[in-house]
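Beneath this line is the structure, given in structure tokens, with notes to follow.
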Amino acid sequence: MDRRTFVKGSAGIAGGLALGGIAAGQDDEVVRIGSDIPYKPFEYRTEEGDLVGFDVDVAEAVFAEELDREYEFVQTGFDTIIPSLNNGNFRIIMSAMTITDDRADQVDFSEPYFVAYQTVAILEGSDVGSVEDLRGQTVAVQKGTTGEAAAQELQEEFDGELTIDSYDQIPGAFNALLNGQAVAVINDNAVNLQYTADNDDIAMLEGEGEAAEEFESAPPYLTLTVEQYGIAFRQDDDEFREEVNQALTAVIEGGRYDEIYAEYFPGEPPTDILLDARAAEGTATTETDTESETTTGAETTTG
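Shown next as structure tokens:
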């Protein structure tokens with residue numbers, strides 16, 4: 007694996023760090039953050055090589071501004087990111103990761119910090135006008151993501167009449183779409199919308215879906231799921247997880263979250279939904295408050 011390390015703050019600090027170490031031994035160390043890069047607009051590099059994105063800015067707000075901790079991003083493949091966390095290669099995962107029951111069996115999650123949907127990106131002018139039109143076709147997804155899981159659910163619904171091509175990273179899936187190797191990409195709405203903004207040949211499949219059933223207002227494009235992102239921790243790191251939860255809440259309640267959100271997405275952020283989740287008893291789940299309003303477009307936008 008090409009393990010490139012991205013550091014914000016102290017230049018060259020990564021060179022003196024050990025990859026392993028249990029959580030208790032990391033309290034005074036740089037917080038190492040596992041992330042699948044590129045995944046625009048959540049984590050990606052500029053032409054100058056700088057690491058930017060929504061997750062990157064949230065990490066800055068949480069760790070540097072609230073907790074006064076140094077941190078660094080460690081690039082890793084999404085399909086192996088949880089084993090890498092549990093092997094001690096980094097302290098946490100921030101990688102547009104959806105909170106799911108299966109993942110919660112392997113890691114602990116922070117309270118949610120983002121609302122997302124699984125959506126379908128197609129070519130402009132495509133014959134695909136509904137989900138049913140995907141029957142008998144090939145769709146592209148990223149390995150290990152909830153987009154892959156959503157495609158597998160469709161495959162079962164279609165009695166196997168759906169071919170799923172899984173790629174290591176999301177650019178490979180979109181290259182397949184543009185090259186005619188797939189008729190659609192099933193993936194997070196924010197990332198799909200980023201590709202539609204960057205490429206006039208890509209569009210979102212329209213229609214109602216899960217978001218319309220859960221919220222008073224929903225995006226104009228089809229939504230296959232409603233999901234929430236969380237920061238993942240090893241299951242022996244409860245004290246640090248609580249510290250991060252408190253910092254996340256401060257970032258959201260203090261208005262910093264709104265500022266970061268506005269840099270990457272149109273519309274209003276789903277702050278009420280996120281704060282409602284924090285007020286609920288127990289740990290975060292993938293459910294959202296059905297009485298809360300969300301906004302349209304990319305504004306409530308997984309891996």
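Just add 6 to wherever you are in the sequence shown, counting from 1, and you've got this note's numbering.
Quick reminder that beta carbons are idealized off the backbone N, C-alpha and C, glycines included.
This structure is a prediction, so every number in the text was calculated from the model and none was measured.
Bounding residues of the beta strand (DSSP E) (the contiguous stretch that carries residue i)
{"i": "THR125", "result": "120 to 129"}
{"i": "ARG109", "result": "ARG109 -> not in any beta strand (DSSP E); alpha helix (DSSP H) instead, spanning 107 to 110."}
{"i": "GLN234", "result": "231 to 235"}
{"i": "GLY83", "result": "It is not in any beta strand (DSSP E) - GLY83 carries neither H nor E in the DSSP assignment."}
{"i": "ASN193", "result": "190 to 194"}
{"i": "VAL113", "result": "That residue, VAL113, is in no beta strand (DSSP E); it is neither H nor E in DSSP."}
{"i": "VAL383", "result": "The displayed coordinates of the chain run from 7 to 309. Any statement about residue 383 would go beyond what the structure contains."}
{"i": "ARG38", "result": "37 to 41"}
Proximity below 8 Å, CB of residue i to CB of residue j
{"i": "ASP61", "j": "MET100", "result": "yes"}
{"i": "VAL126", "j": "LEU211", "result": "yes"}
{"i": "GLY92", "j": "GLN124", "result": "Note that residue 92 corresponds to Asn in the displayed sequence, not to Gly. Not a contact, by the Cβ cut-off of 8 Å."}
{"i": "TYR77", "j": "VAL36", "result": "yes"}
{"i": "PHE96", "j": "SER90", "result": "yes"}
{"i": "LEU228", "j": "GLU117", "result": "no"}
{"i": "TYR235", "j": "THR52", "result": "no"}
{"i": "PHE48", "j": "ALA110", "result": "no"}
{"i": "LEU140", "j": "ALA179", "result": "no"}
{"i": "ILE39", "j": "ILE88", "result": "no"}
Check: residue i C-beta below 7 Å from any heavy atom of the ligand NAP
{"i": "GLU162", "result": "No copy of the ligand NAP occurs in the structure displayed, which carries no ligand at all."}
Nearest-angstrom Cα separation, counted from residue j out to residue i
{"i": "ASP242", "j": "GLN175", "result": "29 Å"}
{"i": "ASN251", "j": "ALA67", "result": "12 Å"}
{"i": "ARG262", "j": "TYR201", "result": "26 Å"}
{"i": "THR82", "j": "ALA238", "result": "14 Å"}
{"i": "ILE43", "j": "GLY186", "result": "25 Å"}
{"i": "THR144", "j": "ALA182", "result": "10 Å"}
{"i": "ALA285", "j": "TYR119", "result": "13 Å"}
{"i": "GLU233", "j": "GLU245", "result": "26 Å"}
{"i": "ALA268", "j": "VAL80", "result": "25 Å"}
{"i": "ILE2", "j": "THR169", "result": "For residue 2 there is no data in the structure shown, the boundaries of the chain being 7 and 309."}
{"i": "GLU167", "j": "GLU138", "result": "11 Å"}
{"i": "TYR50", "j": "ASP56", "result": "8 Å"}
{"i": "GLN158", "j": "LYS149", "result": "12 Å"}
{"i": "ALA29", "j": "ALA188", "result": "For ALA29, the pLDDT reaches just 39, beneath the cut-off of 50, and the residue's location in the model is therefore unreliable, leaving the point undetermined."}
6 Å CB neighbourhood of residue i in its chain, flanking five on each side removed
{"i": "GLU154", "result": "VAL147, SER172"}
{"i": "ALA224", "result": "ALA217, ALA218"}
{"i": "PHE69", "result": "VAL37, ARG75, TYR77"}
{"i": "LEU25", "result": "Confidence at LEU25 is low in this model, with a pLDDT of 34, below 50, so its placement is unreliable and the value that follows should be read with caution. For LEU25, where only same-chain residues beyond five positions count, the Cβ hits under 6 Å are ASN95."}
7 Å CB neighbourhood of residue i in its chain, flanking five on each side removed
{"i": "SER136", "result": "GLY213"}
{"i": "ILE266", "result": "PHE60, ASP63, VAL64, ALA67"}
{"i": "ALA156", "result": "GLN124, ILE192, LEU230, THR231"}
{"i": "ALA256", "result": "GLU72"}
{"i": "VAL197", "result": "TYR45, LYS46, ILE176"}
{"i": "ASP264", "result": "PRO275, THR277"}
Cβ neighbours of residue i in the same chain (closer than 8 Å, five flanking residues each side left out)
{"i": "ASP165", "result": "none"}
{"i": "LEU184", "result": "LEU129, ASN205, ASP207, ILE208"}
Residue i: first and last residue of the uninterrupted alpha helix (DSSP H) it sits in
{"i": "TYR227", "result": "First-last for TYR227: undefined, no H or E at that position."}
{"i": "ARG262", "result": "262 to 270"}
Segments of 4+ residues assigned as alpha helix (DSSP H) that fall wholly inside the segment 156 to 214: 176 to 184, 195 to 204
3 or more residues per run - each beta strand (DSSP E) lying fully within the segment 43 to 97: 77 to 81
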